[in-house]
Amino acid sequence: MIFQLLLLLFPLVFSQTDTPYDCGAHGYCYPANRTSATTCSGCTCSDQSTQTSDTVCTGPTSCSPSPCTISNQQCNIVDDIPTCTCAAGYTGTDCTMLTSDPCSPQPCLQNGVCTSSGGTYTCACTTGFYGEQCQYSGDPCAGYCTNGGTCEMLFSDTTPYCQCPFDYYGATCQTARSVSTNYVGCYDDSSASFTDYYVYSTTITKGNDCRDALIAYREANPTSNYAYSTMSGTKGQCLFSTTNTLTDPPQAGLLGGLLAALLATCSYSDMSSGSASVYSLNDVCTPGPCGDAAGNGKCIQTSGTAYTCLCNPLKTGSTCQSDATLTPCDSVDCGVGTCGITDDEIGHYCLCTSTNQTVPCGKNKRSNEVGIKMFSVGDPCTSKPCLYGGTCTDLGNGSYTCACLNLYMDTNCETFNPCYINKCENGGTCIPTYDLLDSTFTCECTPDWKGTYCEEERFYCDETPCQNGGECEDIIGPPNSYNCTCTPQWTGTNCTTDVDECAEDTTLCKTKDPDATCMNTNGSYYCVCGPNMFGKSCLFNKIIYQILNATYGDLGPDKLDEMAQELTNDPTLVRDIIPFLIGGYSLETRTNLSWTAADMFLWVAYEEQLIDLKFAKHIKNLLPHKNCSSNFVMWNDKVLGNCFTFNHMNSSFQYKARESGYTGGLEMQMNVKQTEYLPWTETAAVMVFTSTKEEVVTSESVRINTAPHFESRIAINRRDYHRLGGRYGKCIKNIKEVKSYYYDGEYTTDGCLRSCYQDVVNKACSCMDPRYPMPSDGISCNISQKTCIDELVDSRGGDPSTWPECYCPLPCSQTVYSSKLSRLPYVNVIAECEKRFSNKTACYEKYLDSVILRIALPKLDYMIYSETPAMDLTKFMSYLGGILSILIGVSIVSFIELFFLFVQLIVILLFNKRL
């Protein structure tokens, strides 16, 4: 049992005469030369030795030449062996430490490592010890704090202290905190500087919100001691502090101050300049009643209203206010040594002959623990622990250091230094791998070389450095190098850095879709399209593609993509397709797809009087529906959608023009709702048509586009035309005079031509064009039959007026209204939107997305253009009487002859024959 204890007390002793593989203390045998476990065929000697034969390395016997290789060392012969020690004035393992250094003599106990800086030092303690000089054992912080508390050592690492989360308090954070606050009051802050206040970063305007922010801040920063929140109206900031520095009441007069105090409005209202709202946290440890700031003690809360002080060992008293009288060496037994006080004047240690320690001199910690005989610590170099020619140096604290020969290293020079003989060629660096006497090495080559010993020239492209499809090109030096030509998706020396296509080209994905988002990936990118587009680059309109897919799905994806891209590039082409898609829908379905009167009109007035928009029965081409007005008749066109006609021929009440100018005309405000427009719509506007009430408006009728954000004014002028029929030319008095007419209302030449066009299309394609009116039994062409219509129109030259089947004279009587548009932009400030309590944002949005329209006759008179015969009976008699009046002295016979001439002319005119 005693023998086992002695092994624990003494380090393993190696003799300097140990000879690895019989090479002596100063040589090394490489594995290739080892002929047995103990013999070597060829030894490699150290620099300080002499190779007297292949197997013998003789060490130096004198200090000339000196074996010492470290600065500030000197050589001395000890026991006939050259020994290196530190020169006078130096100490330490490498003789670089001055004897005046605070780390000399060694202040760190328990083998702690001393580091000095100027006149101070710090100790890096070994495991299991703590304190400024490693004078204490154990770990007082282990398991000390609960509920997430953080343990730290205070007062020169002598006392454990728990830094608790804000939600807990107590010596070990064992008690949950019930957060409470007090409203301190309202103060004048007009001249306050708030020098030591912390500014909370988030914008806050109310005192109670600033109070809540302080609680949140303390929860996130448990080491903070801010206990007051101040919402400053003058600064417009929420501030935190340890004390309240405001004292003056707000400048609101006696009554105002009294009301503010009674109602506490300052606590929850927005702060105005000149006043501040102050709250306090019930934190008994703020602002440090135990001399916390001076390091005298640390406050520990014990209840909601009480605390205790954890004092620095050098302080005493209820608030750590008094100096403590310490006698660390009282009753301390240091054996044969003397007691010393640690530098912090709190702990102690024993000053022994060759070391300072925490147990009595002449005793060892382990011997004291197991109860065996005590003994003194002697010179550790007497056992000659340094192997293979190493020189031992006593460090004076019971430990030593070895200065090894070049072949060996480590604590006792027991490890072979494989890089002593550098076998690396061409500038290579030797990298050792240590394993006692079997240590090996590898060569770290310069960039131009490779191989075990850096013996091969290096060509970089052989190693395929260029990644992700990059092409490599060798560049012959020296130094050798290479160059990578990367693909467009990659960059960097080895083509390993992804190119962010989205950052380099911000238009990616947005060529057709402004709402698209480009997402970068390694070596590529992808597009996240907006709600209306799709495709790899968001080039296809989703609605257009769905239309094409539903219609031409059998064509395959490539053809569909081609068609979708063509229509997306020119969305106006879709307008001609839509009527063919919805042409087969019922009237009710088409009506429900379009706007109602409630969607369209905000208000309507005639002669500056609002008119009723209540709903009544529709005209014949519409179903009864709730969105028809007695003043506006709603009807549906396959191209235009739902249309609303004021003063329609079928309206129950007819409005008359009684006054010229806009005060006697029609006024209204209408929604535009641009967000609902489909992508092929060219213009955001409301289309306005002016016509007689007997004339039917079509998609080809002349219209005026009234744009949003403007007040549009339309002045209309009337002209009437009356044409002679019969022998003077062909004109139409009745619709029955033409073969086909599918429009409601009066006869128009355009209506006749389009009706004839429908007959020709029906004959060629067995269906009619859905873009124009057709008879009730007519069949609407679908999208697949559109090609037939297009080919027919192209073959006939397009214009139906040139087709031989289509003869459509002008009407005998016709009223035409010409229109003149003027526009006024909305004013910057709209009075209606500036009214008190008005939702200004919504009001302005309504105006900016609407149009105000005013229509009037500038004058009530109008022009009438009529065709008249060049000569009739009345004109003839008038001309004849004029001639007779100039004749003088006519005889009765002449008169009779003239009479018969007159009768003859009448017969000729009436019966086209002579008497």
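Going letter by letter, the sequence shown gives residues -15 to -1, 1 to 900 in mature numbering (1 follows the signal peptide of the UniProt record, and there is no 0). In this text, a Cβ means the ideal position worked out from N, Cα and C, and glycines have one as well.
Can you check which of these residues, the options, is closest to residue i by C-alpha distance?
i           : options               : result
residue 708 : 506, 87 and 849       : 849
residue 461 : 434, 452, 451 and 731 : 434
residue 262 : 275, 213, 274 and 287 : 213
residue 270 : 457, 322 and 154      : 154
residue 770 : 891, 881 and 569      : 569
residue 251 : 215, 705 and 273      : 215
residue 902 : 187, 169, 184 and 131 : It is not possible to answer for residue 902, since the shown part of the chain is limited to -15 through 900.
residue 413 : 406, 430 and 419      : 430
residue 626 : 642, 668 and 572      : 572
residue 662 : 760, 757 and 560      : 560
residue 439 : 829, 281, 590 and 427 : 427
residue 642 : 658, 669 and 701      : 701
residue 473 : 696, 508 and 230      : 508
residue 30  : 373, 387, 711 and 731 : 373
residue 322 : 329, 334, 330 and 34  : 334
residue 475 : 669, 485, 468 and 392 : 485
Of all the CB atoms in chain B, is at least one closer than 8 Å to the CB of residue i?
i           : result
residue 204 : Absent from the structure is chain B; it holds one protein chain and no more.
On the premise that residue j lies in contact with residue i, defined as a C-beta separation below 8 Å, what is that separation, rounded to the nearest angstrom?
i           : j           : result
residue 773 : residue 749 : 7 Å
residue 195 : residue 235 : Contact flag wrong, Cβ pair sits at about 16 Å.
residue 40  : residue 25  : 6 Å
residue 87  : residue 151 : Not quite, the Cβ-Cβ distance comes to about 41 Å (not below 8 Å), so this is no contact.
residue 375 : residue 404 : Not quite, the Cβ-Cβ distance comes to about 18 Å (not below 8 Å), so this is no contact.
residue 623 : residue 575 : 7 Å
residue 201 : residue 223 : That pair is no contact at about 11 Å.
residue 843 : residue 697 : Wrong, their Cβ atoms sit about 16 Å apart, outside the cutoff.
residue 616 : residue 597 : 6 Å
residue 80  : residue 55  : 6 Å
For residue i and residue j, I'd like the C-alpha separation in whole angstroms.
i           : j           : result
residue 246 : residue 217 : Residue confidence for residue 246 is low, a pLDDT of 48 falling below 50, so the modelled location carries little weight; the figure read from the coordinates is stated next. Going by the C-alpha atoms only, they are around 17 Å apart.
residue 734 : residue 503 : 54 Å
residue 725 : residue 744 : 8 Å
residue 803 : residue 720 : 24 Å
residue 353 : residue 115 : Only weak support exists for where residue 353 lies, its pLDDT of 38 falling under 50; the coordinates are left without a value.
residue 107 : residue 101 : 6 Å
residue 618 : residue 577 : 16 Å
residue 595 : residue 845 : 22 Å
residue 448 : residue 441 : 14 Å
residue 637 : residue 254 : 60 Å
residue 801 : residue 778 : 29 Å
residue 835 : residue 693 : 5 Å
residue 176 : residue 260 : 10 Å
residue 82  : residue 59  : 15 Å
residue 134 : residue 186 : 27 Å
residue 884 : residue 891 : 11 Å
residue 345 : residue 13  : 44 Å
residue 751 : residue 506 : 55 Å
residue 565 : residue 583 : 28 Å
residue 613 : residue 567 : Bear in mind that a pLDDT of 41 at residue 613, under 50, signals an unreliable position, so the model cannot answer this.
residue 676 : residue 818 : 35 Å
residue 882 : residue 854 : 30 Å
residue 174 : residue 219 : 6 Å
Tell me where the beta strand (DSSP E) around residue i begins and ends.
i           : result
residue 299 : No beta strand (DSSP E) contains residue 299, which DSSP labels as neither H nor E.
residue 565 : Element bounds for residue 565: not the beta strand (DSSP E) but the alpha helix (DSSP H), 563 to 567.
residue 223 : 222 to 226
residue 486 : No beta strand (DSSP E) holds residue 486; the alpha helix (DSSP H) holding it covers 486 to 489.
residue 655 : 651 to 656
What are the boundary residues of the alpha helix (DSSP H) that residue i is part of?
i           : result
residue 801 : Where residue 801 is concerned, there is no enclosing alpha helix (DSSP H), although the beta strand (DSSP E) it sits in stretches over 798 to 810.
residue 204 : 192 to 205
residue 831 : 825 to 833
residue 746 : 734 to 750
residue 577 : 572 to 578
residue 780 : 771 to 780
residue 619 : No alpha helix (DSSP H) holds residue 619; the beta strand (DSSP E) holding it covers 617 to 622.
At least three beta-carbon pairs within less than 8 Å, the region 85 to 96 to the region 110 to 120 = yes
Would you check if the region 804 to 813 and the region 785 to 793 touch, i.e. whether three or more CB-CB distances between them fall below 8 Å?
-> no
Would you check if the region 135 to 144 and the region 162 to 169 touch, i.e. whether three or more CB-CB distances between them fall below 8 Å?
-> no
Decide if the region 284 to 304 is in contact with the region 143 to 163; the criterion is three or more beta carbon pairs, one per stretch, under 8 Å apart.
-> yes
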